[in-house]
Amino acid sequence: MKLSTTLTLASALGASALNLPTFEQLAVDSGLALSGLNSLALLNSASKYGGSCNLGNVKIRREWRTLPKSQRRSYVKAVQCVMETPTILAPGVSAGSKSLFDDFVYVHMNSTLFIHFTGNFLIWHRYYIQEFEKRLNACGYNGALPYWEWGLDVHDPHASPVFDGSDTSLGSDGEFIDGPGPEILIPTATEPIKLRKGTGGGCVYEGPFKNMTVHLGPITQPDPTQDNPRCLKRDLNADCASRFTSFRNTTDLILNSKTIEFFRTTLEGNPFYTTGQLGVHGGGHFTIAGDPGSDAFISSGDPAFYLHHAQLDRVYWIWQMLDFKNRQTVFGSNAMLDFFPSANTTVEDLIDLSPLTGPVKIKDLMNTVGGSPLCYVYL
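Below you can see the structure in the form of structure tokens.
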């Protein structure tokens with residue numbers, strides 16, 4: 050669907066930031082409601098363009114399976130190009146960083162305790178995946194970063210176009226390894242979240258990235274920055290997907306969250322606010338699972354990380370654009386679950402991804418069509 054057509058449809062719905070339509074339950078569960086909210090967010094974004102960003106140059110991020118096969122192959126080729134690009138880290142910083150792709154993993158790993166269950170979580174990752182998109186563009190990919198709509202795959206992620214092992218996917222599931230289902234213990238929670246066994250567990254066996262080498266981590270290593278070469282593993286999990294990343298999970302999150310406090314803590318499954326919940330964030334990660342996907346520190350070492358986080362950013366973007374004026378704030382401190390003393394996050398704080406790119410204030414990353422450094426929408 051063209052951007053202009055979607056804007057017309059959204060306008061016809063006649064919704065405002067404070068007067069959203071009422072959706073039937075079938076519309077919520079089928080994804081029609083979420084699609085409608087995306088269209089309304091797109092309509093509202095039309096009046097938010099600033100700086101050098103305009104309707105003529107805005108990037109449009111689309112769902113993976115809606116991209117032409119040629120564009121999906123181009124995306125894969127660009128990711129492989131990033132994997133072949135030399136590291137930009139200073140010598141001696143991280144022996145396991147063999148490429149620019151590994152540098153992204155290193156930056157995420159080194160920042161983890163300051164960017165999860167924190168006030169800057171959403172904005173830090175927004176800037177992080179934006180920089181990854183820029184590196185893909187430098188490697189010849191002309192499109193915008195795609196996203197993975199989890200709701201389409203909750204019943205069988207193994208068969209998803211993202212993971213079906215074709216040359217237009219991000220590679221397959223892992224080889225099946227029998228065993229018990231995972232038990233996930235969220236920090237400070239008293240009981241683990243128990244999942245049924247996934248459909249993989251071993252090395253990715255088909256399609257792009259089946260021969261990929263993971264270098265950094267796991268975080269349990271004495272020094273996770275050292276080189277620890279191993280295969281990329283996945284353990285796709287439909288139980289996790291259906292419980293935590295359904296269309297209902299996502300739509301309820303957007304419609305029921307009146308403040309950034311409730312939105313972010315619900316999205317992350319913050320144990321101080323929810324019980325037995327992974328949120329859509331953790332739900333997406335543990336749907337992919339495996340190594341490095343199950344390790345919060347190095348999860349960006351799986352190429353699927355970027356599509357998952359683009360979807361998270363899409364959900365955040367929709368929520369923001371439905372009441373833009375009142376959704377320009379942050380909530381929380383700069384320490385994971387307040388494990389250690391830290392100041393509260395403010396919009397004047399810097400997001401620093403050095404050495405990948407320079408620092409930017411949070412307030413300058415709030416509007417995805419505000420111009421430098423952001424100029425994109427979701428369709």
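One point on numbering: in our numbering, the residue at position 37 of the sequence shown is 86, and numbering is uninterrupted.
The C-beta atom is built at its ideal place from N, Cα and C for all residues, glycine as well.
In this text the structure is predicted, and so the values were computed from the model without any measurement.
Tell me whether the beta-carbon of residue i lies closer than 8 Å to the beta-carbon of residue j.
i	j	result
Pro-341	Val-263	yes
Leu-356	Val-211	yes
Trp-199	Thr-336	yes
Leu-185	Arg-110	no
Pro-273	Met-158	yes
Glu-317	Gly-328	yes
Asn-244	Gly-230	Checking the sequence, you will find Leu at residue 244 rather than Asn. Contact: yes.
Asn-169	Asp-398	yes
Asp-216	Gly-256	yes
Ile-400	Tyr-155	no
Asp-284	Gly-247	yes
When DSSP builds the beta bridges, which residues end up paired with residue i?
i	result
Tyr-425	Lys-108
Tyr-196	Glu-112
Lys-243	Glu-232
Asp-340	Lys-282
Cys-252	Lys-282
Gly-420	Leu-423
Lys-374	None, per the DSSP bridge assignment.
Ile-400	Val-409
Ends of the alpha helix (DSSP H) at residue i?
i	result
Glu-133	118-133
Cys-289	287-293
Val-156	149-160
Glu-317	309-317
What is the DSSP secondary structure of residue i, reduced to helix, strand or coil?
i	result
Ser-382	strand
His-357	helix
Val-77	helix
Ala-64	Note that Ala-64 scores 46 on pLDDT, short of 50, meaning its location in the model is unreliable and no value can be drawn from it.
Leu-302	helix
Leu-89	helix
Leu-414	helix
Can you give me the start and stop residues for the beta strand (DSSP E) that residue i sits inside?
i	result
Phe-225	223-225
Cys-188	No beta strand (DSSP E) holds Cys-188; DSSP gives it neither H nor E.
Run the CB neighbour count on residue i, radius 10 Å, all protein chains shown included, and call it buried at 16 or more, exposed below.
i	result
Ala-127	buried
Ala-287	buried
Ser-65	Residue placement at Ser-65 is flagged as unreliable, the pLDDT there being 46, under the threshold of 50; the coordinate-derived value follows with that caveat. Exposed, since its Cβ has fewer than 16 Cβ neighbours within 10 Å.
Gln-369	buried
Ile-137	exposed
Lys-108	buried
Leu-281	buried
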